[in-house]
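Scroll down for the structure; my scribbles are underneath it.
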Amino acid sequence: MPGWYPSPSQSFRFLMNKAQVFWLNAWKKWRSLMAVPEIITSPFEALTAMRHLGGPVVVWIFGACVLMWTIVLERLWYFRKVLPYEAETSLAQWNQRGNKMSWASRQIRAAMISRLNAGMNSKLLVLRVLVPMSPLLGLVGTVLGMLAVFDSMAALGSADARSMATGVSEAMVCTLSGLAVSISGLYPVYYFKRKAAMETERLADRFHF
Numbered sequence: 568m569p570g571w572y573p574s575p576s577q578s579f580r581f582l583m584n585k586a587q588v589f590w591l592n593a594w595k596k597w598r599s600l601m602a603v604p605e606i607i608t609s610p611f612e613a614l615t616a617m618r619h620l621g622g623p624v625v626v627w628i629f630g631a632c633v634l635m636w637t638i639v640l641e642r643l644w645y646f647r648k649v650l651p652y653e654a655e656t657s658l659a660q661w662n663q664r665g666n667k668m669s670w671a672s673r674q675i676r677a678a679m680i681s682r683l684n685a686g687m688n689s690k691l692l693v694l695r696v697l698v699p700m701s702p703l704l705g706l707v708g709t710v711l712g713m714l715a716v717f718d719s720m721a722a723l724g725s726a727d728a729r730s731m732a733t734g735v736s737e738a739m740v741c742t743l744s745g746l747a748v749s750i751s752g753l754y755p756v757y758y759f760k761r762k763a764a765m766e767t768e769r770l771a772d773r774f775h776f
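In terms of our numbering, the sequence shown opens at residue 568 and continues consecutively.
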């Protein structure tokens, strides 16, 4: 049609659909070649179903969820296995010092505690970004879904209930997905922040003069 240009939402939807089709075809090809068990393929099939209901933004929300819980599991491993070893190593180095009351010893003690505290708070900033970012991604999907509704109304009229239902479904699923991911990450952020503060206080008591 001369003089017609796609809207930004249509362009974004077209690009995301192309990327989604490419990765789904690649996944199906790899699954057929490797004979992947169903227990592994079922989450991807569920994601595909969610993508059809919620649009391409659901894939980004799912990626944020995977990244967030990967960091949560890594932090649990750190506090359970890595931190005790690092704390005992630093404490052994501190106990080997002769004069612990000197200015240099006090600076070394502060540096040791600060280094351990930095390790405990590592990656927490990423979690604190992902938690509020997930509902914002859901809001983007909501806007795109409503734009799809308006585009269908402009092109086909308000009588086309099927196309309108698709846009409304995309808006609702994106909102729900973003809120679910964000809510699931609130407690880990609070837990790790509190855990880091408590461990820092405990280490300060153990590094006695």
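All residues carry an ideal CB built from backbone N, CA and C; glycine is no exception. Please read these numbers as outputs of a predicted model, since none were measured by experiment.
Given a cut-off of 8 Å on the beta-carbon distance, is the pair GLY734 and GLY712 in contact?
With contacts defined as CB atoms closer than 8 Å, GLY734 and GLY712 qualify as a contacting pair.
Identify the continuous alpha helix (DSSP H) that holds PRO777 and give its terminal residues.
Since the displayed the chain opens at 568 and closes at 776, residue 777 lies outside it and no answer follows.
Nearest to GLY752 by alpha carbon, out of TRP670, LEU620 and LEU640?
Nearest C-alpha to GLY752: LEU640.
Taking one C-beta from the region 668-688 and one from the region 737-755 each time, how about it: are there three or more such pairs within less than 8 Å?
No, the region 668-688 does not touch the region 737-755.
Confirm, please, whether the CB-CB distance from MET687 to THR637 is below 8 Å.
Not closer than 8 Å, so no.
What residue from LEU694, PHE646 and GLU655 has the CA that sits closest to CYS632's CA?
Closest by C-alpha distance to CYS632, out of LEU694, PHE646 and GLU655, is LEU694.
Per-residue DSSP class, three states only, for SER689:
In the three-state reduction of the DSSP assignment, SER689 falls in the coil class.
By alpha-carbon positions, which one of GLY745, VAL756 and LYS760 ends up nearest to VAL625?
Measuring from the Cα of VAL625, the nearest candidate turns out to be GLY745.
Any idea what DSSP makes of PRO755, helix, strand or coil?
Residue state, collapsed to three classes: helix.
Excluding the 5 residues preceding and the 5 following SER657 in the sequence, name in chain order all residues of the same chain whose CB lies nearer than 6 Å to its CB.
Taking C-beta separations shorter than 6 Å and ignoring five residues to either side along the sequence, the partners of SER657 in its chain run MET679, following chain order.
On the three-state DSSP scale, how would you describe SER669?
Residue state, collapsed to three classes: coil.
Option nearest LEU862 by Cα separation, candidates HIS775, LYS760 and ARG773:
Residue 862 cannot be examined here, being either before or after the span of the chain that is shown, 568 to 776.
Rounded to the nearest angstrom, how far is the Cβ of GLU653 from that of LEU683, given a contact under 8 Å?
Sure, about 6 Å apart at Cβ, within 8 Å.
What's the C-alpha gap between SER701 and LEU650?
SER701 and LEU650 have their C-alpha atoms roughly 29 Å apart.
Where the alpha helix (DSSP H) through GLY630 begins and ends
624-644 is the span of the alpha helix (DSSP H), which, as asked, contains GLY630.
How about MET731 and VAL707: are their beta carbons less than 8 Å apart?
8 Å or more divides the Cβ of MET731 from the Cβ of VAL707.
Cβ pair VAL698, VAL756 closer than 8 Å:
Yes; because the gap between Cβ atoms is below 8 Å, this pair is in contact.
Let me confirm a value: MET635 is counted as buried when at least 16 other C-beta atoms fall within 10 Å, else exposed. Which label applies?
When all chains shown are included, MET635 counts as buried.
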